[in-house]
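> My questions all concern the structure below.
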Amino acid sequence: MSIITLTTDFGTKDHFVGAIKGTIYSELPNARIVDISHQISPFNIAETAYILKNAYKSFPNGSIHIIGVDSELNDENKHIALLLDNHYFICPNNGVISLLASEIKPEKIVEINIHDRVETIFPVLDVFVKVACHIARGGTLEVIGKTIPDFERMVELQPTVSGDNNTIFGNVIYVDNYGNSISNITKKAFNEIGKGRDFEVIANRYSFKKIVEKYSDIVDFSVPKELRQKDGTRLALFNTANYLEIAIYRSNLNTVGGAASLLGLNYRDSITVKFT
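The opening residue of the sequence shown carries number 1 in UniProt numbering; numbering runs sequentially from there.
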């Protein structure tokens with residue numbers, strides 16, 4: 001049976017996550033449920049998209065991903081189910097799928113239309129779970145919705161490029177557990193626009209003219225430990241997801257602090273790359 005994953009901003013204090021899992025098990029006693037995250041910042045679509053994009057590919061083809069962030073149904077926020085990269089996603093049509101579908105086009109998208117049979121103020125439980133279980137049993141998307149040609153796009157998830165191709169304008173889309181600030185500028189875009197030119201990364205009032213390959217590249221290990229660069233040095237690198245990240249070496253949020261706090265780089269703040 002397909003794995004069903006959960007990504008929400010519900011946290012773990014309340015009953016919501018437990019109720020969702022209980023309902024899935026009631027319908028599919030042999031279900032396999034995996035929590036990707038329930039600690040998404042409330043209503044933060046960009047954060048949701050970043051986490052999900054970097055997690056879903058680790059799951060086997062045919063996995064079903066329930067996304068419960070900003071999921072209240074209204075005239076501007078319909079619900080959709082789609083097949084993308086051999087994975088199923090059930091989510092609000094609020095742009096959350098934009099980052100996942102930036103390079104891979106969905107094979108099929110439907111607007112879920114079972115709401116008229118289900119009255120609810122908790123759609124993740126009462127609608128998304130039903131859709132997920134339907135798919136897990138081998139059901140098709142057409143049964144639960146009408147096919148639509150496209151999805152809502154979230155503009156801020158994509159960087160922009162100046163007309164002369166000399167500047168990439170990006171912004172912070174995620175702050176990780178270490179306080180590192182992750183931008184929407186990918187290594188692919190950096191290489192395609194930069195073409196090997198010299199560059200300057202500008203983040204707040206700080207600038208970087210070098211991008212390291214890994215965090216410890218800033219350390220000179222030939223120097224005795226007591227004379228080495230200390231923890232807390234700022235750096236820029238492309239992280240394991242190939243997004244440009246501004247980080248603090250060996251950051252500790254309880255002592256040294258992270259890039260978000262020390263450099264003032266928080267969600268939606270600008271990060272710019274200028275090529276010369």
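Quick reminder that beta carbons are idealized off the backbone N, C-alpha and C, glycines included.
State the DSSP-derived secondary structure class of residue 362, mapped to helix, strand or coil.
Since the first residue of the chain shown is 1 and the last is 276, residue 362 is not available in this structure.
> If you measure between the beta carbons of F89 and I3, is that distance less than 8 Å?
Contact: no.
> Taking the C-alpha atoms as reference points, what is the distance between L263 and I168?
L263 and I168: Cα-Cα distance of roughly 20 Å.
> Compare the beta carbon distance of residue 278 and S98 with 8 Å and say whether it is the shorter of the two.
No answer is possible for residue 278: the residues shown for the chain start at 1 and end at 276.
> Quick one, which of N191, C133, N113, R137 has its alpha-carbon nearest V161's?
Nearest option by C-alpha distance: N191.
> Have a look at R137, G258, Y215 and flag the residue whose alpha-carbon is nearest the alpha-carbon of T240.
Per the Cα distances, Y215.
> Y267: which of F16, E156, N180, I173 sits nearest, CA to CA?
Considering only alpha carbons, the answer is I173.
> Excluding five sequence neighbours on each side, which residues of the same chain lie with their C-beta closer than 8 Å to the C-beta of V212?
Cβ neighbours of V212 beyond the five flanking positions: I218, L235, A236, L237.
> Rounding to the nearest angstrom, what Cα-Cα distance links N204 and D35 in this structure?
Straight-line Cα distance between these residues: approximately 35 Å.
> Taking the alpha-carbon of N77 as reference, which of N86, G95, I66 has the nearest alpha-carbon?
With distances taken between Cα atoms, N77 lies closest to G95.
> What residue range does the alpha helix (DSSP H) around residue 299 cover?
The requested residue 299 is not part of the displayed model; the chain covers only 1 to 276.
> For P42, I'd like the list of residues in its chain whose CB is within less than 6 Å of its CB, leaving aside the five on either flank, ordered along the chain.
Within the same chain, P42 has close Cβ partners D9.
> Any idea if T186 is buried or exposed, counting beta-carbon neighbours within 10 angstroms, 16 or more meaning buried?
T186 should be labelled buried.
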